[in-house]
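Notes for the one structure printed next.
There are 2 protein chains.
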Amino acid sequence: MTYCAAAAVSAGIVFASDSRTNAGVDHVATYTKMTVFEVPGDRVLVLLAAGNLATTQSVVGLLRSRAAEGIHAKTNLFDVATIVGETLREVVSRDGPALEQAKIEPGCNFILGGQVRGEAPRLFQIYPQGNFIETSRETPYLQIGETKYGKPIIDRVVNSDTSLKDAAKCLLVSFDSTMRSNLSVGLPIDLLAYEKDSLKITLRRRIVEGDEYFRELSRLWSSGLRRVFTEVPDLSWQ
Amino acid sequence: MTYCAAAAVSAGIVFASDSRTNAGVDHVATYTKMTVFEVPGDRVLVLLAAGNLATTQSVVGLLRSRAAEGIHAKTNLFDVATIVGETLREVVSRDGPALEQAKIEPGCNFILGGQVRGEAPRLFQIYPQGNFIETSRETPYLQIGETKYGKPIIDRVVNSDTSLKDAAKCLLVSFDSTMRSNLSVGLPIDLLAYEKDSLKITLRRRIVEGDEYFRELSRLWSSGLRRVFTEVPDLSWQ
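Protein sequence lines, in the order shown, are assigned to chains A and C.
Numbered according to the numbering used here, the first sequence terminates at residue 1642, and the numbering increases by one at each position without gaps.
Numbered according to the numbering used here, the second sequence terminates at residue 1642, and the numbering increases by one at each position without gaps.
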């Protein structure tokens, strides 16, 4: 499996994705699930993918080879999302029948976010069928893949007014919870922060095994949770 | 959906289940998912169910009507689990074909735990196919239904040496996280604690809307998490 999440706050957008892929437990590998299309001063487009790796790679490859007339030519992110959805449909209709014969799921989910010069930053989720939704002020974050373990902490912390740094920290806590409870999600984590109207990437960081900050976050979070747990009074036992 | 969890610690077993059932969002109802078979001094058997409500009710009904020669006659919990699995297979083979024609899933999962006089407390999970597994010292807890939201906290807190009170509190925190992130799991929560070798129920409590202890637990947990979150240092932003 995979875990990817992104949060659109008023200051910008934060993206995070893990790097574990598996086709059976005897075929585990490391692939980044984050692709960045950047034209500094004009657009930053970030794509996170969960699902069939061959499909996501085909979609990314086609988006890249057609970028000049495709995702780099569009004047708004809605049109970019439309192209991603159409390209996904194209790949699924090309590869799907052969995969379905082998009972292999051809589909995948994407998170697409960023900013095109002339409009505000936007964040979309593209479904395996190629249709898509956009975040709103009330629901500013999206998750794909193994979403459930790490959802409670995002629900508690992230809203539209959360700072970019807090949103980034919260996504990392969400990844820590997920990786602790599900082996199919693993390091490295790709983290990217995009500051509104900068039209270039603010921060890109790959968190690998032994990363000092992530280890400290994990340790403090774990000991903090245990401490809060002891502060909650016992149930009266009668 | 449903959420049920149970933890077998050295002092006994704690069980918890929610009470929301739904057949579509326009058919939401409240049913307990916890059934207790108690013969004080001889056995305490607790059954938690997640899945098709008609199937679980049929299984419970058959177990009850045949208890004298069935689950009350057996001298160990392994044999009781075998009967539950067989009864589940019987109901699924009776109702399954008609349900499958309507594309309705006939199956369900059970957690079965307790103690039969003469052996130690034991805890089992029975799968929709009627086969089952037992907890171990290394993996002392089980969950069925919407298990993922509430798993990280149990993974951090519960081990075989956790006290019965802490295990109960941890399950309630796990339910709080689940209910916050998933509407299909809802109050009341049925909570039951069984103290090893007592051969009677130690505590049984139904947590309903407005329950003062649960509200306080929920408030303290939420504010505690936010406090711990602020204690984790920010990512350096270069």
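For each residue, glycine too, the CB sits at the ideal point set by N, CA and C.
Distance cutoff 8 angstroms, beta carbons only. Does C/Ala1602 sit that close to anything in chain A?
Note on residue identity: the sequence assigns Ser, not Ala, to residue 1602 of chain C. With 8 angstroms as the cut-off, C/Ser1602 does not count as an interface residue toward chain A.
If you draw a straight line from the alpha carbon of A/Tyr1598 to that of A/Leu1568, how long is it in whole angstroms?
8 angstroms
Enumerated in chain order, which unbroken segments of the alpha helix (DSSP H) with a length of 4 residues or greater are wholly contained in the region 1453-1479 of chain A?
1457-1469
Would you mind stating whether C/Thr1406 and C/Ala1485 have Cβ atoms separated by less than 8 angstroms?
no
With DSSP run on the structure shown, which of helix, strand or coil describes C/Asp1483?
helix
Outcome for C/Trp1625 when other beta-carbon atoms lying within 10 angstroms are tallied against a minimum of 16
buried
I'd like to know if A/Glu1490 contacts chain C, where contact means its C-beta is closer than 8 angstroms to some C-beta of that chain.
no
By how many angstroms is the C-alpha of A/Val1432 removed from the C-alpha of A/Thr1425?
6 angstroms
Taking its Cβ as the centre, do 16 or more other Cβ atoms sit within 10 Å of C/Asn1456, making it buried, or is it exposed?
buried
Quick one: is C/Ile1508 buried, meaning 16 or more other Cβ sit within 10 Å of its Cβ, or exposed?
exposed
When A/Pro1525, A/Ala1427 and A/Phe1618 are compared against A/Leu1576, the one with the closest alpha-carbon
A/Phe1618
Compute the Euclidean distance between the alpha carbons of C/Arg1631 and C/Phe1536, then round it to the nearest angstrom.
41 angstroms
Extent of the continuous beta strand (DSSP E) run through C/Asp1430:
Unbroken run through C/Asp1430: none, as it is neither H nor E.
Identify, in the order they occur along the chain, each residue of the same chain with its Cβ nearer than 8 angstroms to the Cβ of A/Arg1447, setting aside the five sequence neighbours on each side.
Phe1441, His1476, Gly1518, Gln1519, Val1520, Arg1521 and Leu1603
Taking 8 angstroms as the limit between beta carbons, can you name the residues of its chain near A/Cys1512, skipping five residues before and five after?
Ala1453, Ala1454, Gly1455, Asn1456, Thr1459, Thr1460, Val1463, Leu1492 and Pro1532
Give the DSSP bridge partners of A/Thr1439, in chain order.
A/Leu1451
Would you mind giving the Cβ-Cβ distance between A/Leu1595 and A/Ile1611, rounded to the nearest angstrom? I have them listed as a contact below 8 angstroms.
6 angstroms
On the DSSP letters alone, give me the boundaries of the beta strand (DSSP E) that C/Leu1595 sits inside.
Ile1593 to Glu1599
Helix, strand or coil at C/Leu1527 [DSSP, three-state]
strand
Distance, C/Asp1580 Cα to A/Ala1411 Cα:
23 angstroms
Strictly under 8 angstroms for the Cβ-Cβ distance: is C/Ser1564 near chain A by that measure?
no
If you draw a straight line from the alpha carbon of C/Lys1555 to that of A/Pro1525, how long is it in whole angstroms?
34 angstroms
Can you tell me whether A/Ala1420 is buried or exposed? The criterion is at least 16 other CB atoms within 10 Å of its CB, across all chains shown.
buried
Once DSSP output is grouped into helix, strand and coil, what is the label at C/Leu1415?
It should be noted that the sequence gives Ala, not Leu, for residue 1415 of chain C. Three-state DSSP puts C/Ala1415 in coil, outside helix and strand.
C/Leu1516: first and last residue of the uninterrupted beta strand (DSSP E) it sits in
Cys1512 to Val1520
State buried or exposed for C/Pro1510, treating a residue as buried only when at least 16 other CB atoms are found within 10 Å of its CB.
buried
Nonlocal neighbours in the same chain, by C-beta distance under 6 angstroms from C/Asp1499, ignoring five residues either side:
Pro1510
Interface partners of A/Pro1556 on chain C, CB under 7 angstroms
Tyr1553, Ser1581, Arg1584 and Ser1585
In the DSSP assignment, what residue or residues form a beta bridge with A/Ala1410?
A/Phe1419 and A/Leu1546
Would you report the Cα separation of C/Ile1558 and C/Ser1640, rounded to the nearest angstrom?
31 angstroms
Which chain A residues are close to C/Ala1572, counting only those with a beta carbon under 9 angstroms from its beta carbon?
Asp1638, Leu1639 and Trp1641
For the putative contact between A/Pro1544 and A/Val1636, defined by C-beta atoms under 8 angstroms, what is the C-beta separation to the nearest angstrom?
Not quite, the Cβ-Cβ distance comes to about 29 angstroms (not below 8 angstroms), so this is no contact.
Top-ranked residue by Cα proximity to C/Asp1483, from C/Tyr1435, C/Leu1467 and C/Ser1497:
C/Leu1467
Using a Cβ-Cβ cut-off of less than 8 angstroms, list which residues of the region 1615-1634 of chain C approach chain A; keep chain order.
Tyr1617, Glu1620, Leu1621, Leu1624, Trp1625, Ser1626, Gly1628, Leu1629, Arg1630, Arg1631, Val1632 and Phe1633
C/Thr1566 (DSSP reduced to helix, strand or coil)
coil
Nearest neighbour of A/Gly1416, chosen from A/Thr1634, A/Thr1606 and A/Ser1622 [CA to CA]
A/Thr1606
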